[in-house]
Amino acid sequence: MSKFDKARIDIVKDETLSKNWYHLRNVTFDYTGSTGETVRLKREVYDRGNGATILLFDPKRQTVVLVRQFRMPAYLNHHSGWMIETPAGLLDGDHPTEAIRREVMEETGYVVHDIRPIFRSFMSPGAVTEIIHFFVALIDAGERQTDGGGLDSEHEDIEVLEIGLDRASAMIDSGEICDAKTIMLIQWALIHRSELTAV
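Our numbering numbers the first residue of the sequence shown as 12 and each following residue consecutively.
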């Protein structure tokens with residue numbers, strides 16, 4: 012039995028601070044911890060919905076398909092803002108598998124059929140409600156259906172990259188790839204490379 016089994020959370024107030032593209036809330040709650048003491052706390056919580064991401068892996072070429080796009084939050088934190096990432100997007104009410112199938116086509120131009128779920132993760136649970144669903148799919152990198160590049164209606168400006176898996180790993184070490192979901196998927200692929208290649 013954990014000492015936290017007796018912990019209790021009672022929400023006192025849930026205020027909306029901003030509801031523009033996403034939902035920023037200020038939550039006041041009473042927290043009764045492992046010692047039995049109750050304290051009143053406040054936390055700002057950012058709710059942007061849940062999302063999905065996928066590693067597109069070509070077992071013959073030993074390459075992964077990634078995308079590069081501009082991210083303002085990274086730019087504001089002393090980065091160029093141009094992030095190399097795995098294709099990803101919000102679920103927008105869809106099943107995670109269908110959502111990532113849609114995002115892959117929009118961003119990369121690939122049609123994926125056999126999508127394998129591998130894990131789910133909270134990416135920043137101290138402030139953000141979002142759960143990301145992680146997938147992998149095997150592709151032939153030479154068989155793109157369209158150029159991809161994102162949706163003009165959303166002003167997406169996405170570059171599609173095909174990178175060797177070992178090179179992608181080295182880019183994590185060098186800092187060229189510094190997106191958490193992408194690092195997680197590349198490292199997962201390195202661990203599971205033999206089974207991916209054997210398929």
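Built from N, CA and C at the ideal position, the CB exists for glycine as well. Fair warning: this is a prediction, and the values are worked out from it, not measured in the lab.
According to the DSSP assignment, residue 177 belongs to the alpha helix (DSSP H) that extends over 176-185. A contact is defined here as three or more CB-CB pairs under 8 Å, and the stretch 63-72 meets this definition with respect to the stretch 88-108.
Note on geometry: alpha-carbon atoms of residue 50 and residue 42 lie some 5 Å from one another. Of the residues assessed, residue 15 falls on the exposed side of the cut-off, its CB having fewer than 16 other CB atoms within 10 angstroms.
Between the stretch 81-93 and the stretch 128-142 there are fewer than three C-beta pairs closer than 8 Å, too few to call the two in contact.
Per DSSP, residue 93 is one residue of the beta strand (DSSP E) stretching across 93-96. For residue 192, the enclosing alpha helix (DSSP H) stretches over residues 191-202. For the options 18, 121, 181, the alpha carbon positioned closest to that of residue 45 is the one of 18. Secondary structure at residue 139: strand, using DSSP grouped into helix, strand and coil. Residue 81 and residue 168 have their alpha carbons spaced roughly 8 Å apart. When the alpha-carbon of residue 27 is set against those of 57, 136, 126, the nearest one is in 57. According to DSSP, residue 69 shares a beta bridge with 74.
Within the model, the alpha-carbon separation for residue 97 versus residue 204 is close to 17 Å. Between the C-alpha atoms of residue 85 and residue 189 there is a straight-line separation of about 10 Å.
No residue range can be given for residue 150, since it is assigned to no alpha helix (DSSP H) and is classified by DSSP as neither H nor E. Annotated as distal: residue 119 and residue 75, with beta-carbon spacing of 7 Å or more.
Rounded to whole angstroms, residue 100 and residue 153 show a C-alpha spacing of 24 Å.
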